[in-house]
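*Asks:* In UniProt numbering, the protein residues as written are 1 to 249.
The following block contains the structure:
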């Protein structure tokens, strides 16, 4: 059996070849290197400028001592504008309400005046109706005063008492506002007089009241009773006189 030591060939020192050293690669060309350097420089400059601008802006915000006052002023101005709009709206509403109030107040005043006038008219109408019913009694008193002639002492006393009642009655009517018309000798007025007769006469002008057949009365400015009157008409022309004068010629 062959020995192992006999088979292994010992390595000689001269046969060992040392490993080759790494050969360095060729460096990049100078143009490519300059391009990379320019890009890097530009990027760095941009970043620096942006940072400086941001820092400056931030510094301005931080360093402005009137920032809070400006913000408060802006908020106050906005609030003032809002309040001005509210004032305009409320002013418009106030004008509308005032106009409505004035119109309603005027309508109410007209209604009150109209109602009061209607009440006054009804009161006067009722008063006229009541007083108109007693006027015939007054007429009878006046007829009796004009036609009755007392005979004897007893009749004279009765007549005096009768005249006292008549005067008291007339005074009561005066206090109520009743006043007699004085139509005789005045122009005929259809609003005051009722023409019962027309009599031709040369004593009065045409249309003048010659006499009162029944006295009229006023209640304030209202006609309580129209006066019955006789009105003057033109005198009649005698047609025979011209004919007689012609015959004499």
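Where is the CB? At the ideal position from N, CA and C, for every residue including glycine.
Starting from the C-beta of residue 224, find all residues in its chain whose C-beta is less than 8 Å away, skip the five residues before and the five after it, and write them out in chain order.
*Replies:* Your numbering for residue 224 matches position 224 in the chain shown. Closer than 8 Å at Cβ, skipping near neighbours: 128, 131, 132, 135, 178, 216, 217 and 218.
*Asks:* Bridge partners of residue 90, per DSSP?
*Replies:* For the purposes of this step, residue 90 is taken as residue 90 along the chain shown, with counting starting at 1. For residue 90, which the question treats as bridged, DSSP gives no partner whatsoever.
*Asks:* With the cut-off set at 7 Å, would you say residue 206 and residue 232 are in Cβ contact?
*Replies:* Reading the chain shown from its first residue, position 206 is the one you call residue 206. Reading the chain shown from its first residue, position 232 is the one you call residue 232. Cβ distance < 7 Å, so residue 206 and residue 232 count as in contact.
*Asks:* Could you give the uninterrupted runs of the alpha helix (DSSP H) lying entirely in the region 129 to 177, keeping only those of 4 residues or more?
*Replies:* Listed in chain order, the complete alpha helix (DSSP H) runs (minimum 4 residues) inside the region 129 to 177 are 152 to 175.
*Asks:* Please work out which residues of its chain come closer than 7 Å, Cβ to Cβ, to residue 202, disregarding the five sequence neighbours upstream and downstream, and give them in chain order.
*Replies:* Along the chain shown, one-based indexing puts residue 202 at 202. So the qualifying residues of the chain are 235.
*Asks:* Is it the case that the Cβ atoms of residue 230 and residue 192 are separated by a distance below 7 Å?
*Replies:* Numbered from 1 along the chain shown, position 230 holds the residue referred to as residue 230. Numbered from 1 along the chain shown, position 192 holds the residue referred to as residue 192. No, Cβ-Cβ distance for residue 230 and residue 192 is not below 7 Å.
*Asks:* Exposed or buried, which one is residue 227 when buried takes at least 16 other CB atoms within 10 Å?
*Replies:* Reading the chain shown from its first residue, position 227 is the one you call residue 227. Around the beta-carbon of residue 227, 16 or more other beta-carbon atoms lie within 10 Å, marking it buried.
*Asks:* I'd like to check one pair, residue 188 with residue 170: are the Cβ atoms closer than 7 Å?
*Replies:* Within the chain shown, the letter at position 170 stands for residue 170. Within the chain shown, the letter at position 188 stands for residue 188. No, these two residues do not count as a Cβ contact at 7 Å.
*Asks:* Report all residues from its chain with a CB closer than 7 Å to the CB of residue 222; omit the five preceding and five following residues, and keep chain order.
*Replies:* By 1-based counting over the chain shown, the position of residue 222 is 222. Result list for residue 222: 124 and 128, in chain order.
*Asks:* Give the range of the beta strand (DSSP E) segment to which residue 226 is assigned.
*Replies:* Translated into positions along the chain shown, residue 226 becomes position 226. No beta strand (DSSP E) contains residue 226, which DSSP labels as neither H nor E.
*Asks:* Beta strand (DSSP E) containing residue 217: first to last residue?
*Replies:* Taking the first residue of the chain shown as 1, we reach residue 217 at position 217. Residue 217 -> beta strand (DSSP E) spans 217 to 219.
*Asks:* Between which two residues does the beta strand (DSSP E) carrying residue 195 extend?
*Replies:* On the chain shown, position 195 is the one that residue 195 refers to. Residues 193 to 200.
*Asks:* Expressed to the nearest angstrom, what Euclidean distance is found between the alpha-carbon atoms of residue 153 and residue 161?
*Replies:* Counted from its first residue, the chain shown places residue 153 at position 153. Counted from its first residue, the chain shown places residue 161 at position 161. Approximately 13 Å between the Cα atoms of the pair.
*Asks:* Could you spell out the range, first to last residue, of the beta strand (DSSP E) harbouring residue 183?
*Replies:* On the chain shown, position 183 is the one that residue 183 refers to. Residue 183 -> no beta strand (DSSP E), and no H or E assigned at all.
*Asks:* Look up residue 102 in the DSSP assignment and say whether it is helix, strand or coil.
*Replies:* Locating residue 102 in the chain shown gives position 102, counting from the first residue. In the structure shown, residue 102 sits in a helix (DSSP, three-state: H, G or I).
*Asks:* Could you have a look at residue 118 and say whether DSSP puts it in helix, strand or coil?
*Replies:* Counted from its first residue, the chain shown places residue 118 at position 118. In this structure, residue 118 counts as helix in the three-state DSSP scheme.
*Asks:* Would you identify the three-state DSSP class for residue 85, choosing helix, strand or coil?
*Replies:* Start at 1 with the first residue of the chain shown, and residue 85 comes out as number 85. In this structure, residue 85 counts as helix in the three-state DSSP scheme.
*Asks:* Nearest-angstrom Cα distance between residue 148 and residue 167?
*Replies:* Along the chain shown, one-based indexing puts residue 148 at 148. Along the chain shown, one-based indexing puts residue 167 at 167. So the alpha carbons of these two residues sit roughly 16 Å apart.
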